[in-house]
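Take a look at the structure set out below.
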Amino acid sequence: MASASEAWGSTSSTAVNSSDQKFEDNFSPARAIPDTEHYVAALESRLARLKGRNRDVSAREMLAVLGEARHDHTGRLIASDPVPSAREVTASYLLSDDSDAPVHATYLERRLFPERQALTQEELRHLLEADFLEKQALAAAATAREARDRASISSADSEPNR
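Offset between the sequence shown (1-based) and the numbering used here: plus 20.
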């Protein structure tokens with residue numbers, strides 16, 4: 021057992037031969053590393069062979085694939101139902117007052133009509149109320165305009181022709 025001053029054992033153990041303290045290859049590769057470009061080209065050809073893509077893709081095929089991808093992406097933007105995150109769903113159930121509950125809108129709606137996008141239910145109520153009042157004002161103005169037009173038409177009929 022080693023003493024407290026000699027934690028790693030005694031220093032008077034047998035001497036170790038310095039030739040035994042080397043690695044087998046001493047960090048020098050046995051063969052030369054191939055040229056990087058040639059090596060990468062060989063790896064790429066192996067990968068292509070494994071994938072089974074030995075043929076070239078024509079421009080027509082490439083355009084067809086890109087058109088299909090664009091069509092799919094556009095369809096998702098237009099018809100996507102916004103998916104609330106788990107935190108938002110939990111928050112909406114835990115809140116007794118829904119005024120701070122988030123409002124979900126599609127990406128396309130947010131990009132096309134940013135001024136109409138409410139962040140919370142309270143903002144949505146305010147926007148809908150303002151929209152309803154604006155529609156009422158437009159309807160009242162249209163009704164007044166129609167009444168004025170009818171009055172001018174009836175007054176023109178009552179005047180004698182000269």
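Here a beta-carbon is modelled for each residue, glycine too, at the ideal position from N, C-alpha and C.
A quick note: this is a predicted structure, and the numbers were derived from the prediction, not measured.
When the distance is taken between beta carbons, is Tyr127 closer than 7 Å to Leu147? One thing to note: Leu147 has its Cβ no nearer than 7 Å to the Cβ of Tyr127.
Leu144 and Ala138 closer than 7 Å at C-beta: Inclusion of Leu144 and Ala138 in the CB contact set at 7 Å is warranted, their separation being smaller than that value.
Taking DSSP as the reference, what is the three-state secondary structure of Thr94? The answer is helix: DSSP assigns Thr94 an H, G or I state.
Tell me the residue span of the alpha helix (DSSP H) that contains Lys71. Start and end: Thr56 to Lys71.
May I have the straight-line CA-CA distance separating Phe152 from Glu81, to the nearest angstrom? Each residue's alpha carbon lies about 51 Å from the other.
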